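Quick notes on the structure that follows.
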Amino acid sequence: MKKTEQTLLKSEQVIPLFGHHLIRNVLMSDLLGKDHENILYWAGKGIARQYPKESLDDIIEFFSTVGWGELTLTKEKKDELILELISPFHREKVPVTYQLEAGFLAEQIENQKKHMTEAIVQEKKDKVLITLKWDLKDPI
């Protein structure tokens with residue numbers, strides 16, 4: 332981890348949710364247009380490659396640390412995980428796309444399971460469900 336990132340992790344500075352919303356949802360949507368969600372998914376995968384995590388617990392801690400929300404495992408099968416995300420945006424009922432988080436999770440799980448993995452987002456009233464599915468016949 333770079334020195335700047337270590338410093339930021341130790342900082343007690345809190346960025347208002349509105350500032351995060353302006354960058355993530357307003358600016359990025361304006362810059363990326365109709366491809367906003369697809370690009371955020373791939374950006375999430377890129378972030379995951381820069382910050383690889385060893386376990387699901389490490390991923391859950393990362394989500395908390397970066398302010399993406401509370402992530403919990405709700406179901407696990409041999410080729411699928413279903414995770415529940417309660418984000419700060421959900422708590423405030425702010426509509427956002429969760430493709431950044433989905434891409435991040437897809438890449439992390441792909442690296443951990445060693446199989447091609449994709450993420451599917453389902454938005455519910457008070458939470459987001461992210462299903463991660465990997466193909467046991469398609470190793471990486």
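Everything in the sequence shown is counted per this note's numbering, starting at 332 for the first residue and increasing by one. C-beta atoms are modelled at their ideal positions from N, C-alpha and C, and glycine is treated no differently. Treat the numbers as computed from the prediction; the structure is a model and nothing was measured.
Run the proximity test for residue i: is its beta-carbon closer than 7 Å to any non-hydrogen atom belonging to the ligand SAH?
{"i": "residue 334", "result": "Questions concerning the ligand SAH fall outside what the structure shown contains, since it holds no ligand whatsoever."}
Take the Cβ of residue i as the centre, count every other Cβ of all protein chains shown within 10 Å, and call the residue buried at 16 or more, exposed below.
{"i": "residue 338", "result": "exposed"}
{"i": "residue 394", "result": "buried"}
{"i": "residue 362", "result": "exposed"}
{"i": "residue 441", "result": "buried"}
{"i": "residue 346", "result": "exposed"}
{"i": "residue 398", "result": "exposed"}
Among the options, which has the Cα closest to the Cα of residue i?
{"i": "residue 436", "options": "340, 411, 467 and 358", "result": "411"}
{"i": "residue 433", "options": "382, 445, 369 and 470", "result": "369"}
{"i": "residue 469", "options": "341, 463, 448 and 455", "result": "448"}
{"i": "residue 462", "options": "399, 388 and 403", "result": "403"}
{"i": "residue 386", "options": "350, 460, 464 and 443", "result": "443"}
Pull up the CB-CB distance for residue i and residue j, whole angstroms please, since I reckon it's below 8 Å.
{"i": "residue 479", "j": "residue 374", "result": "This structure cannot settle anything about residue 479, because the visible part of the chain is limited to 332 through 471."}
{"i": "residue 405", "j": "residue 415", "result": "5 Å"}
Is the Cβ-Cβ distance between residue i and residue j less than 8 Å?
{"i": "residue 445", "j": "residue 471", "result": "yes"}
{"i": "residue 453", "j": "residue 372", "result": "no"}
{"i": "residue 358", "j": "residue 423", "result": "no"}
{"i": "residue 421", "j": "residue 458", "result": "yes"}
{"i": "residue 355", "j": "residue 427", "result": "yes"}
{"i": "residue 396", "j": "residue 467", "result": "no"}
{"i": "residue 360", "j": "residue 367", "result": "yes"}
Residue i bridges to which residues according to DSSP?
{"i": "residue 407", "result": "412"}
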